[in-house]
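What follows is a single structure, written as structure tokens, with notes after it.
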Amino acid sequence: MARIDVRHAKGSFRTPIVLASGPAGFGFELAETLDFRSLGALTTKTITPEPRAGNPQPRLLDAPGGAINSIGLENPGLDAFRGNVLPRLRELATVRIVSLAGRTPDEISHLAAALETEPGVDWLELNLSCPNVRGETMADRPNDVAAYVREARSASRRPLLVKLPSCDNLVALGEAALSAGADGLTLINAVRGLRICVDTGRAFLARGTGGLCGPAILPIALARVFEARQAFPDTFLIGTGGVTRARDAIEMLCAGANLVGVGFGVMADPAATFALAAEIEQWLDERGIGDVADLVGAAHRGGWSVS
Amino acid sequence: MKADIRKRTRTAHTGPSFLVRRARIIDVRAAGGYARVRIAIEGLSPIPAPGQFLMVRLPWGPALPRALSTLAAGPDWVEFLLKAEGALRGAMASSPRDAAVDLRGPYGVPYIERIDDRRTYVLVGGGSGVAPLLHFAASHPEFVERTAFGFRSRDVRDLLPEVDFACEDETGETAEDRLSARWIEGLGIIACGPESLLASVARRHRASPDAYVSLESRLGCGFGACLSCSISTTSGMRRVCVDGPLFPCSEIPWLG
Ligand SMILES: Cc1cc2nc3c(=O)[nH]c(=O)nc-3n(C[C@H](O)[C@H](O)[C@H](O)COP(=O)(O)OP(=O)(O)OC[C@H]3O[C@@H](n4cnc5c(N)ncnc54)[C@H](O)[C@@H]3O)c2cc1C
Ligand SMILES: Cc1cc2nc3c(=O)[nH]c(=O)nc-3n(C[C@H](O)[C@H](O)[C@H](O)COP(=O)(O)O)c2cc1C
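Protein sequence lines, in the order shown, are assigned to chains A and B.
Just so you know, we're using the numbering used here here: the first sequence kicks off at 1 and counts up by one.
Just so you know, we're using the numbering used here here: the second sequence kicks off at 1001 and counts up by one.
Okay, structure coming up:
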């Protein structure tokens, strides 16, 4: 049987499949019946210092091969997260990555410090790439990224991931995050998208644009993960975007991801997401590949020879 | 016995409701811009209760599943009433017999667990909103005092021959007109249908403690995780999929 666990100096993951931030909420509904031991980790819905209601309705829309969402970080805020969510989160049988966002580096520092002594927070993920909140947490300059990451790094000793958008200065942003102390990168967030109602000529979503997710963005995410792996040969990467099937996850691993995030797939077919790890294991066994780690970055090494 | 189930806020999810099941369309009848679709599905468990919905996807249709309330359901079949437009419903309304369809659920709080069972109700429905109300009336006739249903086209009679409803193209009468004519003090209201209908119910009956509307929202997951469908209520943000779809008008002051 092939190994499908993923090792990292700061913690290990039972499988390469991670629930991406957002669509799985805090995992509670899924945990009522699905087995979290088939996951490597759960990433929580992004938490902000104060509770947020998110954007007005409608905030989800169909798009060919996926969906566009403009949820806008609805979340219970730090206090309710600590009081009501964390106690239940501790009971989940998987690694917990807590996603954080703030309007300023100070807010990030406040969040990270507040969670520092809480059990049940295994990793932190800074969401610096939400396409659905105006003028904040969309750090698109290396200096801004560095400022956020420095604050988180000095407030917390926990392993720290930084979630970046699909953008042309991705390598510069990644470089800034890693130099400021990030332990890894999560790529990518949903890609800005728009649909217009042909009956009214107006945008469908109340906010106008939203973030495109689902199979439609798989090639975009693969290209970004490939680019990042090329630039950062030894960096820990979570590749997220458009993965709904085991073969998509395998492509993501070959592009250079150590772990594979699934967002849209959880909304569309939650049980199928929880079956991905077993399917990857079977795929490896069928080919006599002994360790999922052997796939990571295979596309950079010319793949493997086919007999 | 009845008191036990009063105003419970949510039902427990059971294992099978996360599983996507491949089912088969066994009958499609379309008329007047609507379609009545019967689907065979093995081992549907639990059987959807009135007010609950399934997340529905066609193998060749949109990647995101859609919420559809049951018109009726048994252990190995469900029936939907659809407006025959839009990516999923349009395709279902014109799909051949034996076509494959993927379902998961049921989700949502059954109406019976949300309403006050010391009252009887007038059911107010417009268009496809009539579906969960007919399911409710068939399962809980003791709570139904009268109905006020309406469709645009008389042709829908072919789909619902046994149902009494107003047809706008016959007499100009709407579900709203019927409600005005049939409502009497002391009755509760359960309404489902287009937002304009729900808004008018909310405007006129907000003060009544037992006026409920079944809300529509764009659902993502259907089971309460993704927050696509959240709405604001007097007691904070609520999810249409797991806290609803039925809400008392008094809790949603923005409607109407
Ligand atoms: C709990 C619940 C229960 C429900 N039960 C039922 C039910 O029993 N029966 C029922 O019929 N519906 C029901 N609905 C509504 C249904 O789920 C939604 O309307 C769903 O989005 C329909 O999906 P669709 O693919 O058919 O339409 P979509 O393709 O999502 O389109 C929705 C509407 O937008 C229009 N539209 C789409 N794209 C465009 C465009 N580019 N320009 C202009 N207009 C456009 C369509 O014509 C349609 O009117 C329910 C909803 C909820 C939340
Ligand atoms: C409904 C929804 C909510 C999301 N919420 C968040 C969030 O709170 N924080 C975040 O970092 N990403 C969020 N995302 C983005 C996903 O984590 C993921 O990066 C993106 O959707 C691409 O992956 P996918 O194609 O697998 O969905 C959300 C996505 C969706 C669809």
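Quick reminder that beta carbons are idealized off the backbone N, C-alpha and C, glycines included.
Through-space distance from residue j to residue i, alpha-carbon basis
i, j, result
"V198 (chain A)", "I1112 (chain B)", "39 Å"
"A146 (chain A)", "R103 (chain A)", "14 Å"
"E107 (chain A)", "G263 (chain A)", "26 Å"
"D294 (chain A)", "L1064 (chain B)", "33 Å"
"G1222 (chain B)", "S1017 (chain B)", "10 Å"
"L73 (chain A)", "A1031 (chain B)", "42 Å"
"E118 (chain A)", "L124 (chain A)", "12 Å"
"A1100 (chain B)", "W283 (chain A)", "27 Å"
"A1072 (chain B)", "I68 (chain A)", "32 Å"
"I308 (chain A)", "I1047 (chain B)", "It is not possible to answer for residue 308 (chain A), since the shown part of chain A is limited to 1 through 307."
"D1027 (chain B)", "G201 (chain A)", "36 Å"
"I238 (chain A)", "R1238 (chain B)", "31 Å"
"D1210 (chain B)", "L194 (chain A)", "40 Å"
"T43 (chain A)", "S305 (chain A)", "35 Å"
"E1079 (chain B)", "R301 (chain A)", "53 Å"
Beta-bridge pairing of residue i - partner residues as DSSP gives them
i, result
"N127 (chain A)", "A:K163"
"M267 (chain A)", "Paired residue(s): none; M267 (chain A) is not in a bridge."
"A1040 (chain B)", "B:R1024 and B:W1077"
"T43 (chain A)", "A:I97"
"V1213 (chain B)", "B:A1191 and B:F1247"
"V6 (chain A)", "A:F13"
"A1148 (chain B)", "B:V1124"
"S1069 (chain B)", "B:F1053"
"L61 (chain A)", "A:I68"
"V1103 (chain B)", "Rather than Val, the amino acid found at residue 1103 (chain B) in this sequence is Leu. Note: L1103 (chain B) sits in a beta bridge opposite B:R1021 and B:V1056."
"S186 (chain A)", "Residue identity check: residue 186 (chain A) is Thr in the sequence provided, not Ser. Looking at the DSSP assignment, T186 (chain A) forms a beta bridge with A:K163 and A:I238."
"V1156 (chain B)", "Paired residue(s): none; V1156 (chain B) is not in a bridge."
"A1035 (chain B)", "B:A1030 and B:L1082"
"D291 (chain A)", "A:R3"
"L205 (chain A)", "A:G208"
"L19 (chain A)", "A:L42 and A:V262"
Contact with chain B by residue i, beta-carbon distance below 8 Å
i, result
"V198 (chain A)", "no"
"Q57 (chain A)", "yes"
"E324 (chain A)", "A question about residue 324 (chain A) goes unanswered here, because the residues of chain A that appear run from 1 up to 307."
"D62 (chain A)", "yes"
"T33 (chain A)", "yes"
"A206 (chain A)", "no"
"A203 (chain A)", "no"
"P219 (chain A)", "no"
"G211 (chain A)", "no"
"A53 (chain A)", "yes"
"G65 (chain A)", "yes"
"P49 (chain A)", "no"
"G214 (chain A)", "yes"
Test: residue i CB closer than 8 Å to a CB of chain A
i, result
"C1249 (chain B)", "no"
"C1221 (chain B)", "yes"
"F1080 (chain B)", "no"
"S1208 (chain B)", "no"
"V1020 (chain B)", "yes"
"R1218 (chain B)", "yes"
"H1013 (chain B)", "For H1013 (chain B), the predicted model reports a pLDDT of 41, less than 50, meaning its position is unreliable and no value from the coordinates is stated."
"T1009 (chain B)", "Per-residue confidence for T1009 (chain B) stands at a pLDDT of 41, beneath the threshold of 50, marking its modelled position as unreliable; the derived number appears in the next sentence. It does not: the Cβ of T1009 (chain B) has no partner Cβ on chain A nearer than 8 Å."
"D1004 (chain B)", "At D1004 (chain B), the pLDDT of 37 sits below 50, so the modelled position is not reliable and the matter cannot be decided from this model."
Residue interval of the alpha helix (DSSP H) (run including residue i)
i, result
"P87 (chain A)", "L86 to L89"
"R224 (chain A)", "L218 to A231"
"T1171 (chain B)", "E1168 to T1171"
"M1237 (chain B)", "Unbroken run through M1237 (chain B) is the beta strand (DSSP E), G1236 to R1239; no alpha helix (DSSP H)."
Start-to-end residues for the beta strand (DSSP E) that takes in residue i
i, result
"M1055 (chain B)", "F1053 to R1057"
"I1231 (chain B)", "S1230 to T1233"
"C213 (chain A)", "G210 to C213"
"F1136 (chain B)", "Per DSSP, F1136 (chain B) belongs to no beta strand (DSSP E); it is in the alpha helix (DSSP H), V1130 to S1139."
"F28 (chain A)", "Premise fails: F28 (chain A) lies in the alpha helix (DSSP H), F28 to A31, not in any beta strand (DSSP E)."
"V191 (chain A)", "V191 to G193"
"V262 (chain A)", "L259 to V262"
Between the segment 69-96 of chain A and chain B, which residues of the former have a C-beta closer than 8 Å to a C-beta of the latter? N69, I71 and E74
Residues in the segment 1220-1239 of chain B having any Cβ partner in chain A nearer than 7 Å: G1220, C1221, F1223, G1224, A1225, C1226, L1227, S1228, S1230, I1231, S1232 and M1237
Against chain B, which members of the segment 232-257 of chain A pass a CB distance test of less than 7 Å? none
Select from the segment 267-295 of chain A all residues with a C-beta closer than 8 Å to any C-beta belonging to chain B, and list them in chain order. M267, A268, D269, P270, A271 and A272
What residues from the segment 1050-1076 of chain B come within 7 Å of chain A, judged by C-beta to C-beta, listed N to C? P1062, A1063, L1064 and P1065
Could you please tell me which residues of the segment 1080-1109 of chain B, in chain order, have their CB closer than 7 Å to any CB of chain A? A1087
Output needed in chain order: residues of the segment 10-33 of chain A with a Cβ under 9 Å from some Cβ in chain B. G22, P23, A24, G25, F26, G27, F28, E29, L30, E32 and T33
Can you give me, in chain order, the residues of the segment 120-133 of chain A that have a beta carbon less than 8 Å from any beta carbon in chain B? none
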